[in-house]
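Just below is one structure, and these are the notes that go with it.
2 protein chains.
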Amino acid sequence: MNKAQGAMSYDELRGAIAQRHRALSGRLQQIAEFVLDHPTDVALGTVAEVAQRSGVPPSAIVRFAHALGFGGFTEMQQVFRSRLVAGVAPSYKARLARMKSEEKSVLGRQPAAVLSRFVSEAQSALVTLSQSVHARELDAATAILAKARDIYLLGLGGSFPVATHLAYVLRKLGRRVVLLDGTGGSIHEQSHAATTEDALVAISFRNYYPDTARLFPELVARGVPTISITDSLLSPIVEGASVVFEIQDMPEPALRTLVAPMCLVQAMAIGLDLAAD
Amino acid sequence: MNKAQGAMSYDELRGAIAQRHRALSGRLQQIAEFVLDHPTDVALGTVAEVAQRSGVPPSAIVRFAHALGFGGFTEMQQVFRSRLVAGVAPSYKARLARMKSEEKSVLGRQPAAVLSRFVSEAQSALVTLSQSVHARELDAATAILAKARDIYLLGLGGSFPVATHLAYVLRKLGRRVVLLDGTGGSIHEQSHAATTEDALVAISFRNYYPDTARLFPELVARGVPTISITDSLLSPIVEGASVVFEIQDMPEPALRTLVAPMCLVQAMAIGLDLAAD
DNA sequence: TCAGAAATGGAATGAATATTCTAATCGCAG
DNA sequence: CTGCGATTAGAATATTCATTCCATTTCTGA
Chain A
1 MNKAQGAMSY DELRGAIAQR HRALSGRLQQ IAEFVLDHPT DVALGTVAEV
51 AQRSGVPPSA IVRFAHALGF GGFTEMQQVF RSRLVAGVAP SYKARLARMK
101 SEEKSVLGRQ PAAVLSRFVS EAQSALVTLS QSVHARELDA ATAILAKARD
151 IYLLGLGGSF PVATHLAYVL RKLGRRVVLL DGTGGSIHEQ SHAATTEDAL
201 VAISFRNYYP DTARLFPELV ARGVPTISIT DSLLSPIVEG ASVVFEIQDM
251 PEPALRTLVA PMCLVQAMAI GLDLAAD
Chain B
278 MNKAQGAMSY DELRGAIAQR HRALSGRLQQ IAEFVLDHPT DVALGTVAEV
328 AQRSGVPPSA IVRFAHALGF GGFTEMQQVF RSRLVAGVAP SYKARLARMK
378 SEEKSVLGRQ PAAVLSRFVS EAQSALVTLS QSVHARELDA ATAILAKARD
428 IYLLGLGGSF PVATHLAYVL RKLGRRVVLL DGTGGSIHEQ SHAATTEDAL
478 VAISFRNYYP DTARLFPELV ARGVPTISIT DSLLSPIVEG ASVVFEIQDM
528 PEPALRTLVA PMCLVQAMAI GLDLAAD
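Right under this line is the structure:
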């Protein structure tokens, strides 16, 4: 009733409820048991819904929140909601908050701190990658590459390193690769020979490089099987693609690490090689 | 507008949004992009909040929901909430178990298994990186780059993606960069203008690219301050370097992920930018 | 350039919601 | 059995919210 409950984590709240459980009145104990058993209902439901499911009148729910030191049900609900967002987005929220705060502090500006920040960012990007990429897509992608005579790679601007890396690995594995980099003329000319017998791997993140957005539909229209690696289903290289890998939470261009797409393309290339035997 | 949207999963909704995106009007497209980027905000926020964060009037949000075939915002929100609920149920343990089982199942030859192997390799590479790089070296490196007029980047063969990535980030930050890639002539000519006022970042791993081994000593001899990123103190770009970053345990060329050097160069670039203010 | 159509923004509206208030009930000591 | 304080339930209330409506602006095609 007296504690400051301003910023409380879900686990702390669980502890507080368990601790005070004995001291609560009958109805309030009943509610305590319900909310610990059904935290998701509390997070997303209204007072009336929670009241009905736990078999108490709505006002009792509000009294329960008051007894725990919250200003009302809405305030308590925030804690239950934080549990949901923590479960679904281990990277996103924490990353934004951390970057914001560290960016301004003196500590965050020292190169060593910057490095450790990028390392942990890369870690979470890898976790997200392994969760969001499904076996079906990878199988489809390697199948396309296996049948391709020549493999065309389209990745410009910030995505160029990914394309060059994939080119390097594929060539090491003996595949015929055409890297569309615009050197010595237009990309159009470089890609002119691509047919339905070949394959295209396109990589593009915001802001989508104009040439990529322009060339991609042309190759799709010519019937070239296409694997897209991008950060949004709305990107210009999604429509018409045979396989799409979506890599979420790419930070702004200067801050993105490319760790996730680099890993992905390498897994594609090596997986292709292993499956071929 | 016509589909029955009764029971729709979050992934299905994503697909539907992406599919109709082009057919939507300007404002609605803007909202489509926002909701795909901030699904959590949509799940937990009110119409007014979502409207404000996405920079549109509340009525537009409702029209967006209608355009997708929902009866209103509340109906659409249910789908976004289902994502939160799904994310919290199979918690940490289940995810780990899934990775473990996938790793062993039916050989490690399936593409999905290959990906998870690269991911965990990359994870450990990042840990090693943050342990082996010391603040003193990073400070020295950023100091060199801060004083440099032009920054020359030398990374060929398998290291080329690292060089292009560093070039991209440095240019985004407004630095003058010369990427030594041998396009349109010899690398020697490209590097001819480098002086003691400039700086060189050299990246090379086994087997050391011949051109790199040849060019590096020349620039050192001309007194160009040099930062080397390599995998052994015996590599040809160590002797004479002002700062050396040694990244150990690099696998054979085709299998290496470049995750560690990518992170390192980015931390260098951003650290340089933050320290400059 | 103009007319018609589509889209947009903002205010108005009515529903839904959390909260408060009060009368009734319960528990309990004397 | 009685009276008092704590507790409760449900109605009343004030607030917040989603939705609708309409005047205005912005596209589109001739």
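Just so you know, the sequences run in chain order A and B.
Position 231 (the first sequence) corresponds to 231 in the working numbering; numbering is contiguous.
Take any residue in the second sequence, count from 1 to its spot, add 277: that is its number in the working numbering.
Each residue gets a CB set at the ideal place from its N, CA and C atoms; glycine is no exception.
Check, Outcome
"Residues near B/G517 in its chain [Cβ-Cβ closer than 6 Å; skip 5 each side]", "V497"
"Test item: CB-CB of A/L115 and B/A544 under 9 Å", "yes"
"Where A/A202 falls: helix, strand or coil (DSSP)", "strand"
"Contact between the stretch 134 to 152 of chain A and the stretch 402 to 420 of chain B (3+ Cβ pairs under 8 Å)", "no"
"Integer Cβ distance of A/L36 from A/F64, believed to fall under 8 Å", "Their Cβ separation, rounded to whole angstroms, is 12 Å, which puts A/L36 and A/F64 out of contact at 8 Å."
"Segments of 4+ residues assigned as alpha helix (DSSP H) that fall wholly inside the stretch 309 to 367 of chain B", "316 to 321, 324 to 331, 335 to 344 and 350 to 365"
"9 Å Cβ cutoff, B/D416 in contact with chain A", "yes"
"Euclidean distance between Cα positions of B/I506 and B/L492", "15 Å"
"Rounded C-alpha distance that separates B/R358 from B/L345", "17 Å"
"For A/T230, the three-state DSSP class (helix, strand or coil)", "strand"
"Chain B contact for A/F34 (CB, 9 Å cutoff)", "no"
"Close-in-space but distant-in-sequence residues of the same chain around B/R330 (CB under 8 Å, 5 per side omitted)", "F311, H315, D318 and G322"
"Short Cβ contact (9 Å threshold) for A/T128 with B/M539", "no"
"Contact list for B/H442 against chain A, beta-carbon separation under 7 Å", "P161 and L258"
"Sequence-distant residues of its chain with Cβ nearer than 7 Å to B/H298 (five each side left out)", "Q306 and A309"
"Within-9 Å CB hit, B/T460 to chain A", "yes"
"Boundaries of the alpha helix (DSSP H) in which A/L145 is found, first to last residue", "A135 to K147"
"Of the residues A/L255, A/A202, A/P210 and A/S204, the one placed nearest B/L551, counting alpha carbons only", "A/L255"
"CB of B/P438 within 9 Å of CB of A/A141, strictly", "no"
"Under 9 Å from the C-beta of A/Q110: neighbouring residues of chain B", "A412, L415, D416, G548, L551 and A552"
"is_contact[B/I294, chain A] using C-beta, thresh 9 Å", "yes"
"Cβ-based neighbour list, A/V79, same chain, cut-off 6 Å, excluding 5 preceding and 5 following", "M8, Y10 and L13"
"Simplified DSSP state of A/Y152, which is helix, strand or coil", "strand"
"Beta-carbon neighbours of B/F350, restricted to chain A and to distances below 9 Å", "Per Cβ cutoff of 9 Å: no residues; B/F350 is ~15 Å from chain A at best."
"Close beta carbons around B/M376, own chain, < 7 Å, minus the five adjacent residues each side", "Low local confidence applies: a pLDDT of 44 at B/M376 is under 50, so the model's placement there is unreliable, with the coordinate-based value given in what follows. Answer for B/M376: S393, listed in chain order."
"Residue burial classification, A/E252 (beta-carbon count within 10 angstroms, cutoff 16)", "exposed"
"Proximity to A/S25 [Cα-Cα], best of A/I203, A/A60 and A/G271", "A/A60"
"Alpha-carbon spacing of A/R176 relative to B/G348, whole angstroms", "52 Å"
"Chain B contacts made by the stretch 56 to 80 of chain A, where a contact means CB separation under 8 Å", "none"
"Distance cut-off 8 Å: B/G303 Cβ against heavy atoms of the ligand GTP", "Among the components modelled here there is no ligand, and therefore nothing to report on the ligand GTP."
"Residues that A/R176 bridges to, as DSSP identifies them", "A/D150"
"Contact check, A/V178 vs A/A193, beta carbons under 9 Å", "yes"
"Beta-carbon separation (whole angstroms), A/F205 vs A/S159, contact threshold 8 Å", "6 Å"
"A/F280 to B/E326 span [Cα, whole Å]", "Because chain A here runs from 1 to 277, residue 280 of chain A falls outside it and cannot be looked at."
"Chain B contact for A/A267 (CB, 9 Å cutoff)", "yes"
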